[in-house]
Structure formats: C-alpha cells, structure tokens
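Colleague: With numbering that gives the first Met the number 0, letter number 54 in the sequence shown gets 53, and the count goes up by one each step, no holes.
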Amino acid sequence: MNLGDFTLSNFKSTVVGDNIVVTFTMTVAQTIDGKQLPPKPAYRLSVWKKGAGGWQWIRHANLASIPLKHFAVFLICSSKKARGEARDKESNLNV
0 MNLGDFTLSN FKSTVVGDNI VVTFTMTVAQ TIDGKQLPPK PAYRLSVWKK GAGGWQWIRH
60 ANLASIPLKH FAVFLICSSK KARGEARDKE SNLNV
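1) With DSSP collapsed to three states, give me the class of D4.
2) Helix, strand or coil: how does DSSP classify G53 here?
3) Buried or exposed for W54, going by 16 or more other Cβ atoms inside 10 Å?
4) Residues in its own chain within less than 7 Å of K49 by CB, not counting five upstream and five downstream?
5) Inspect the beta-carbon positions of A28 and R43 and report whether they are closer than 8 Å.
6) Do T24 and P40 have their beta-carbon atoms positioned less than 8 Å apart in this structure?
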C-alpha cells in the first residue's frame, strides 16, 4: 500500500478523567495492489492518557472498512495463529 496526499478534518474530542478521546476524518489518496483508489474519507479514533511525563498516545483505530479479500486473509491468519497458540499452551501443560 502506498499513501499519497491526505487531509485531516472534523476533529472532535471528549475528555474523560485523565484521558482524551479524539475522533477525526482522514481523506487519503492510496494505491493498493497496484490500483489507484479514489480518495475517500476514513474515520479514525485516538485515545491519549495524561501521565506524570505528559500525554501518551495509548490507542488508535482505523474505522474504515477493509476490502473483503484483505479481511479474509486476516481471518485465516488469525485462525492459524489461535490454533498454534492453543497447541503451544497444550504442550506446556503436558510438560
């Protein structure tokens, strides 16, 4: 994936205790699998926490949908990883 020019807009923030939740829209020109995609808005969410050393970025989410092909690959890889972790845990119990 290659990213081109982008814009950030529609910032909104909510303070909850020592945390700030920030939502915004990112519009970016990108190329995926060699295909130039038209720029379209993608929604983002970031969470920041205030600590002794200042603000720390603790979470981020890309709320844009992903192409079904990429999601299928993610599911397959996640499933294989989960099965491998289960086998690892099982073998550790038998030691």
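Think of the CB as a built atom: it goes at the ideal place given N, C-alpha and C, for glycine as much as any other residue. All values derive from a computational prediction rather than experimental measurement.
Modeller: With the given structure in hand:
1) Here D4 sits in strand by DSSP.
2) G53 sits in a strand when the DSSP states are folded into three classes.
3) exposed
4) D17
5) No, they are not a contact pair.
6) yes
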